[in-house]
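In UniProt numbering, the protein residues as written are 1 to 240. In this text, a Cβ means the ideal position worked out from N, Cα and C, and glycines have one as well.
Pasting the structure below:
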């Protein structure tokens, strides 16, 4: 499971690296690599979610010491997965924000008056024709600008779909967290109990040490008294 989480982090780093390449928007190979990394990350996320559900199912009916240790391992993996998902979502969101800025710039090149809100609507509508029906691309430059707008729109649509998939994974993780809250509380309870037992054990040990010291003192005092008594009796016998 940790290997899959590591793969998810590697894909997030690859996405950031590919998109930071100056030739990304004109390099189909880099774009295909980014799409493949996004697809692989979503598949990996589904595998991790499934593995966590199976892990949780195996532990739900057990409450021995081994199960409590396993629950701590489960909680650690879940935390690592949540952090990796957050980094992946941040990487995709950064790519989407940059793509949206580029889309706005390229729409301006077509001399269409489109606000930021309309760009968002363009992304959500998945219908580029709503904004270009009145555009007459009479020059090669205008046609190229229109093709760029359409390409950016397609990239944004794919990124938006990927972000939806990541949010679904977060939802699944939140469900697992809710299911495991009782078990986590139980682990914390047993940990607290163990701490209390350690503390009380130290107190009992100290009490035992004090008791043994007192017993030795009493024994020594008794020996001294017996010796003194014996000496007195012996002295009386000698004198008489």
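So what does DSSP say about residue i, is it helix, strand or coil?
{"i": "residue 41", "result": "helix"}
{"i": "residue 11", "result": "helix"}
{"i": "residue 23", "result": "coil"}
{"i": "residue 83", "result": "helix"}
{"i": "residue 93", "result": "helix"}
{"i": "residue 63", "result": "coil"}
Does the CB of residue i have a neighbour CB from chain B at under 9 Å?
{"i": "residue 75", "result": "No chain B appears in this structure, which consists of one protein chain only."}
Which word fits residue i, buried or exposed, when buried means at least 16 other C-beta atoms lie within 10 angstroms of its C-beta?
{"i": "residue 95", "result": "buried"}
{"i": "residue 63", "result": "exposed"}
{"i": "residue 105", "result": "exposed"}
{"i": "residue 154", "result": "exposed"}
{"i": "residue 99", "result": "buried"}
{"i": "residue 71", "result": "buried"}
{"i": "residue 32", "result": "exposed"}
{"i": "residue 101", "result": "exposed"}
{"i": "residue 220", "result": "exposed"}
Please work out which residues of its chain come closer than 6 Å, Cβ to Cβ, to residue i, disregarding the five sequence neighbours upstream and downstream, and give them in chain order.
{"i": "residue 30", "result": "18, 21, 24"}
{"i": "residue 37", "result": "11, 14, 15"}
{"i": "residue 81", "result": "5, 48"}
{"i": "residue 45", "result": "169"}
{"i": "residue 55", "result": "74"}
Excluding the 5 residues flanking residue i on each side, which residues of the same chain have their C-beta closer than 7 Å to its C-beta?
{"i": "residue 165", "result": "42"}
{"i": "residue 1", "result": "48, 51, 77"}
{"i": "residue 40", "result": "11"}
Enumerate in chain order the residues of its own chain whose CB-to-CB distance from residue i is below 8 Å, with the five nearest sequence positions on each side excluded.
{"i": "residue 85", "result": "8, 45, 166, 169, 170, 173"}
{"i": "residue 163", "result": "89, 92, 93, 96"}
{"i": "residue 27", "result": "21"}
{"i": "residue 35", "result": "158"}
{"i": "residue 161", "result": "none"}
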